[in-house]
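Peer 1:
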Amino acid sequence: MRSTELLLLAVAVSATVLVAGCGGNESLDGSVVSMEGLTAEPVELEGAVGRGRTRIEELVRLRDEAGKIKGYAAVAVVRSKSGRFPIRVRLDESGCVESAEVLSYPYDRGSGVILPTFTGQFEGRCSPEQLTMGQEIQAVTGATVSCGAMAEGVIDVMSMVRKIKSQR
Numbered sequence: 001m002r003s004t005e006l007l008l009l010a011v012a013v014s015a016t017v018l019v020a021g022c023g024g025n026e027s028l029d030g031s032v033v034s035m036e037g038l039t040a041e042p043v044e045l046e047g048a049v050g051r052g053r054t055r056i057e058e059l060v061r062l063r064d065e066a067g068k069i070k071g072y073a074a075v076a077v078v079r080s081k082s083g084r085f086p087i088r089v090r091l092d093e094s095g096c097v098e099s100a101e102v103l104s105y106p107y108d109r110g111s112g113v114i115l116p117t118f119t120g121q122f123e124g125r126c127s128p129e130q131l132t133m134g135q136e137i138q139a140v141t142g143a144t145v146s147c148g149a150m151a152e153g154v155i156d157v158m159s160m161v162r163k164i165k166s167q168r
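Residue numbers (UniProt numbering): 1 to 168.
(1) Tell me which residue opens and which closes the beta strand (DSSP E) that SER99 is part of.
(2) DSSP three-state call for ASP92: helix, strand or coil?
(3) Look at the alpha carbon of VAL157 and the alpha carbon of MET150, and state the distance between them as a whole number of angstroms.
(4) Spatial neighbours of VAL101 within its chain, please: CB distance less than 7 Å, with the 5 preceding and 5 following residues excluded, ordered by chain position.
(5) According to DSSP, is ALA165 helix, strand or coil?
(6) For GLY21, does the count of other Cβ atoms within 10 angstroms reach 16, so buried, or fall short, so exposed?
(7) Looking at C-alpha atoms only, which residue of ASP64, VAL75 and THR141 is the closest neighbour of VAL154?
(8) If you measure between the beta carbons of residue 193 and VAL113, is that distance less than 8 Å?
(9) Can you give the Cα-Cα distance for ILE69 and GLU98, rounded to whole angstroms?
(10) Output needed for SER159: all residues of its chain with C-beta closer than 6 Å, excluding positions within five of it in sequence on either side, in chain order.
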């Protein structure tokens, strides 16, 4: 496969992964993904998005049937001691975390990052200040670096959404 074909495949897979678990009939139709009562419209990202250990691969704005923004969803790749792994973050219309999860984690070291007891700590957090490792967010023993990488990824997604909202 050529690099452009791989890129198109990655975007299609990423868009499908973004809405997985949202319910309804997920389908990729051009640049718009439809699901139960919501439409995911891609947000244009310029250059490398994220800082340090994070790269935001895709960000979509979620709208209801009336066109009202109901939230945002993003897929980001974060880097830990073991390697890179993808996460999905969903924010409500005000920018608070609805869900954060690890999409795949192929490493033995740090695998505690996938546990719901860790990822559930992000739900309801509305600012990066509420995501401080060792304070509001507790790492899983043996997965400290991976947990920190995920927290940084969630912060980067929140920051990007804030930036986009301020430009409207």
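Even for Gly, the Cβ is constructed at its ideal location relative to N, Cα and C.
Peer 2: Taking the coordinates as given:
(1) 97 to 102
(2) strand
(3) 11 Å
(4) In the sequence under discussion, the amino acid at residue 101 is Glu, which differs from the Val named in the question. Counting only Cβ-Cβ distances below 7 Å, and skipping sequence neighbours, we find ILE87, ARG88 and THR119.
(5) Sequence inspection shows Lys at residue 165; the Ala mentioned does not correspond to that position. Helix.
(6) Annotation note: pLDDT 37 at GLY21 (below 50); position unreliable, no value reported.
(7) VAL75
(8) The question about residue 193 has no answer, for the chain in this structure spans 1 to 168.
(9) 14 Å
(10) none
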